[in-house]
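S.K.:
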Amino acid sequence: MKVIDHFQELDACILPIVTSGTFDGVHSGHLKILSGLVQQAQTCGVKSVVITYWPHPRFILGKGSSSLKLLSTFGEKVKLLSDIGIDYLLKVRFSKEFSELSPEAFVQKVLIKGINAKKFIIGYDHRFGKNQTGDIDFLKKNKERFGLEIEEISRLDIDQVGISSTNIRQALAAGKVDAAQGYLGRYYSLSGIVTRGDQIGRKIGFPTANLFISESYKLIPSDGVYAIFVYLGLERFDGMLNIGWRPTVKGKKRTIEAHLFDFNKDIYGSHLRVELVSIIRKEIEFNHLDGLKEQLIKDKLAAKIILEKVNQSK
Numbered sequence: 078m079k080v081i082d083h084f085q086e087l088d089a090c091i092l093p094i095v096t097s098g099t100f101d102g103v104h105s106g107h108l109k110i111l112s113g114l115v116q117q118a119q120t121c122g123v124k125s126v127v128i129t130y131w132p133h134p135r136f137i138l139g140k141g142s143s144s145l146k147l148l149s150t151f152g153e154k155v156k157l158l159s160d161i162g163i164d165y166l167l168k169v170r171f172s173k174e175f176s177e178l179s180p181e182a183f184v185q186k187v188l189i190k191g192i193n194a195k196k197f198i199i200g201y202d203h204r205f206g207k208n209q210t211g212d213i214d215f216l217k218k219n220k221e222r223f224g225l226e227i228e229e230i231s232r233l234d235i236d237q238v239g240i241s242s243t244n245i246r247q248a249l250a251a252g253k254v255d256a257a258q259g260y261l262g263r264y265y266s267l268s269g270i271v272t273r274g275d276q277i278g279r280k281i282g283f284p285t286a287n288l289f290i291s292e293s294y295k296l297i298p299s300d301g302v303y304a305i306f307v308y309l310g311l312e313r314f315d316g317m318l319n320i321g322w323r324p325t326v327k328g329k330k331r332t333i334e335a336h337l338f339d340f341n342k343d344i345y346g347s348h349l350r351v352e353l354v355s356i357i358r359k360e361i362e363f364n365h366l367d368g369l370k371e372q373l374i375k376d377k378l379a380a381k382i383i384l385e386k387v388n389q390s391k
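Quick note, my numbering runs 77 ahead of the 1-based positions in the sequence shown.
#1: Going by the CB atoms, is the gap between Arg350 and Ser266 shorter than 8 Å?
#2: How would you call Thr243, buried or exposed, if buried means at least 16 neighbouring beta carbons within 10 angstroms?
#3: Which residue or residues does DSSP assign as beta-bridge partners of Val95?
#4: Determine the contact status of Pro298 and His336, defining contact as a CB-CB distance below 8 Å.
#5: Grab me the residues of Phe151's own chain with a C-beta within less than 7 Å of its C-beta, minus the 5 sequence neighbours each way, in chain order.
#6: Based on Cα-Cα distance, which residue from Ile163, Thr120 and Asp343 lies nearest to Val127?
#7: I need the DSSP call for Asp214, collapsed to helix, strand or coil.
#8: Considering only the alpha carbon of each residue, which of Asn287, Phe363 and Arg358 lies closest to Lys327?
#9: Is the CB-CB distance between Thr261 and Leu318 below 8 Å?
#10: Pull up the distance between the alpha-carbon of Lys173 and that of Glu371, whole angstroms please.
#11: Helix, strand or coil, according to DSSP, for Leu318 in the structure here?
#12: For the alpha helix (DSSP H) holding Glu371, just list the boundary residues, first then last.
#13: Considering just the uninterrupted stretch of the beta strand (DSSP E) at Lys168, what are its terminal residues?
#14: Work out the CA separation of Arg273 and Ile320 for me, nearest whole Å.
#15: Whole angstroms are fine: how far does the CA of Leu288 sit from the CA of Arg323?
#16: How big is the Cα-Cα spacing for Ser144 and Tyr201?
#17: Within the same chain, show all residues whose beta-carbon is closer than 8 Å to that of Arg246, passing over the 5 residues directly before and after it, in chain order.
#18: Quick check: the Cα distance between Ser125 and Leu178, rounded to an integer number of angstroms?
#19: Going by the CB atoms, is the gap between Ile199 and Ile161 shorter than 8 Å?
#20: I need the straight-line Cα distance from Asp339 to Gly139, nearest angstrom please.
#21: Using 8 Å for Cβ pairs, my map puts Ser355 next to Val271. What's the rounded Cβ distance?
#22: Quick one, are the C-beta atoms of Ser392 and Pro134 less than 8 Å apart?
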């Protein structure tokens, strides 16, 4: 997949099939649109183009932007879209000026003149243009005039609940990573660099890798202890993760600490990706480190049981 910032970088694609959206999290609902896009483009012998916006429009328009957390960083989104088989990702720099484009102007300037689209695939609830006044009805009503084929993707449900990035954010905020997995079609993951901590975990037999995530907008699930898979380079390890304030040692900031099972190497400065499989418990304050150690032994056993079941099912 080629990531581009300008229409001119499309290598003179002829009549590509296009879709548009923020695609935060690239969840199972998105996959219906995106996999259909790839399949149709391959059948027609043309390129597939995804238009996405950065920064997220809500960060620019101020609609709850102070509390908005995203399911995927831009880099994670690129990887997920590439894995699906998209040919081009057009990264449109979202601005207040861009948000003022009318639906008509968006179609004319972006889809027709900018991309020379053959077909536009759109989700049932996708809106575009100034004040989000453009929708599927607008496109269907004007498709002959635009010379565009329009395809609507209808609503998908999981257990009678429509899949949306909001559903997933709410599940993660409650620590329900298993529910989030159902919506996403994969484990929710966190990626970052291992930094040096105060090494209290090492003193009680549970050394941890402190994960620093540079993207402040990335959604971190609720505080607690989780069973995890950890990816270090091409290797995968079982482990457990604590997210929280470490009340037992009077921690002053929220941390993300991974304990890798059967592992004893110096990995400071390394990049880790952590997949959250299941929550074991909420974060607890203990009166002393011995109490914490006893609980961590129980947590490790619980995590091993969870992960063994997952490994056996594959």
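No residue lacks a Cβ here, since even glycine has one placed at the ideal position from N, Cα and C.
M.R.: Short version:
#1: yes
#2: exposed
#3: Val126 and Phe197
#4: no
#5: Trp131
#6: Ile163
#7: helix
#8: Phe363
#9: In the sequence on display, residue 261 carries Leu and not Thr. In this structure, Leu318 does not lie closer than 8 Å to Leu261 by Cβ.
#10: 54 Å
#11: strand
#12: Leu366 to Ser390
#13: Tyr165 to Arg170
#14: 16 Å
#15: 14 Å
#16: 26 Å
#17: Lys146, Leu148 and Leu296
#18: 24 Å
#19: no
#20: 46 Å
#21: Not confirmed; about 23 Å, so no contact.
#22: Outside the displayed span of the chain (78 to 391) sits residue 392, for which this structure offers no information.
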